[in-house]
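Colleague: For the sequence shown, numbering that gives the first Met the number 0 assigns the number 0 to the initial residue and increments by one for each residue that follows.
Glycine included, C-beta positions come from ideal geometry on N, C-alpha and C.
Model, not experiment: these values are computed from the prediction.
Pasting a structure here, questions to come.
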Amino acid sequence: MHFDVLFFLITAYTIRPYLLLESKIGTKYYNEYKLQKVDAFTDQLFGGNSAAVCPLDKWLSDSLMQQIAAENNLADTAFFVPNSNNDGYELRWFTPQLEIDLCGHATLAAAHIIFTEMSSMNEEIKFQTKKAGELKVTRQKENTLYTLNFPARPVTKTDLPDGLLSALRSNVTPIEVYKARDHMLVYESEADVRQLSPDFMALANIDAVFSVIATAPGDQVDFVSRFFAPSAGIPEDPVTGSAHCSLTPYWAERLGKNQLHAYQISARKGELWCENQGDRVLVSGKAITYLKGEINV
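Here is the structure:
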């Protein structure tokens with residue numbers, strides 16, 4: 000056999016396997032996780048508030064979940080794992096910048112995925128959270144309405160923080176100012192809320208303000224609202240279930256009724272049905288799945 004041919008055969012059967020092994024060792028392997036995107040508080044695609052949902056078997060590191068939420072670049076990403084009793088789930092929420100203590104639309108989105116994609120036969124799902132305690136979501140099959148059972152966050156009167164009015168870029172002064180987790184500004188009319196055009200950088204730089212609810216009586220519903228939280232990476236939240244933990248008790252007392260119909264009048268719009276139950280608030284809405292896929296991290 001010619002020497003060149005012999006050398007080629009030796010090379011092919013000795014060096015090549017080594018190169019394949021080296022490539023395999025040098026390859027970084029990723030874990031694959033399901034990821035869905037849900038439009039919450041609407042039954043129309045491209046409406047309501049979009050949330051990403053990432054079901055897990057066990058928790059990822061906080062830093063990785065934060066990176067996933069930042070990559071999703073949605074207002075919120077919900078992560079959940081089965082609880083130790085296998086009768087519910089532990090639930091956490093991340094904005095693109097930080098973990099938050101309560102998120103309504105992402106909770107609704109997580110429940111929607113469990114009901115529709117994970118074949119849950121229950122009509123109620125229990126979520127355990129780090130700071131908001133136990134949250135329950137029930138499903139009404141006849142109209143595909145989901146009801147969130149959340150703790151109420153009653154507001155107390157406060158002064159208008161310095162710089163807030165100018166940051167909202169409005170020449171209309173709210174008639175009342177309240178605070179719970181969020182500052183809540185009450186305006187005279189729906190038109191007053193619609194005309195707000197915030198300077199989000201200025202709003203994020205007001206140390207005394209984390210987030211702002213602007214609300215007023217609705218033209219067609221009991222009340223309307225908008226929600227701004229640029230310091231949390233959410234300039235304007237399209238629909239904010241957690242804000243209604245404060246809005247519902249306020250409007251229930253003001254209007255003298257416990258069952259309320261509300262619109263969040265962002266560009267994407269959202270519709271909510273709320274019920275005041277004293278120390279609890281029921282917030283109901285619909286949801287529709289927009290995207291199903293996997294991520295490799």
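Please tell me whether Ile287 has its Cβ less than 8 Å away from any Cβ of chain D.
Modeller: Among the chains in the structure shown there is no chain D, since it carries only a single protein chain.
Colleague: So within the region 44-105, which uninterrupted alpha helix (DSSP H) runs reach at least 4 residues, ignoring any that extend past its ends?
Modeller: Taking only runs of at least 4 residues, the alpha helix (DSSP H) segments lying wholly in the region 44-105 are 61-71.
Colleague: With DSSP collapsed to three states, give me the class of Ser188.
Modeller: Here Ser188 sits in coil by DSSP.
Colleague: Should Met64 go down as buried or exposed, given a rule of 16 or more other Cβ atoms within 10 Å for buried?
Modeller: Its Cβ being crowded by 16 or more others within 10 Å, Met64 is buried.
Colleague: Looking at Tyr262: is its Cβ nearer than 8 Å to the Cβ of Lys256?
Modeller: Their beta carbons are not under 8 Å apart, which means Tyr262 does not touch Lys256 by this criterion.
Colleague: Can you list, in chain order, the residues of its chain with a C-beta nearer than 6 Å to that of Met117? Leave out the 5 residues immediately preceding and following it.
Modeller: Around Met117: no qualifying Cβ.
Colleague: Given that a residue counts as buried once 16 or more other Cβ atoms are within 10 Å of its Cβ, and exposed if not, what is Ile14?
Modeller: Its pLDDT being 33, under 50, Ile14 is placed unreliably in this model, and the value from its coordinates should be taken loosely. The residue in question, Ile14, is exposed, as its Cβ has fewer than 16 Cβ neighbours within 10 Å.
Colleague: Pro229 and Phe199: beta carbons closer than 8 Å?
Modeller: Yes, Cβ-Cβ distance for Pro229 and Phe199 is below 8 Å.
Colleague: Within 10 angstroms of the Cβ of Asn295, are there 16 or more other Cβ atoms? Answer buried if so, exposed if not.
Modeller: That one is exposed.
Colleague: Are the region 67-79 and the region 92-100 touching, with three or more C-beta to C-beta distances below 8 Å?
Modeller: Yes: the two stretches touch, three or more of their Cβ pairs being nearer than 8 Å.
Colleague: Buried or exposed: which applies to His260, given that a residue is buried once 16 or more other Cβ atoms fall within 10 Å of its Cβ?
Modeller: His260 should be labelled exposed.
Colleague: Excluding the 5 residues preceding and the 5 following Val176 in the sequence, name in chain order all residues of the same chain whose CB lies nearer than 8 Å to its CB.
Modeller: Cβ within range, chain order: Lys156, Thr157, Asp158, Leu159, His182, Met183, Leu184 and Val185.
Colleague: Which of the three DSSP states is assigned to Ala261 in this structure?
Modeller: Ala261 falls in the strand class under three-state DSSP.
Colleague: Between the alpha carbons of Ala215 and Ala50, how many angstroms are there, rounded?
Modeller: Each residue's Cα considered, the two are about 26 Å apart.
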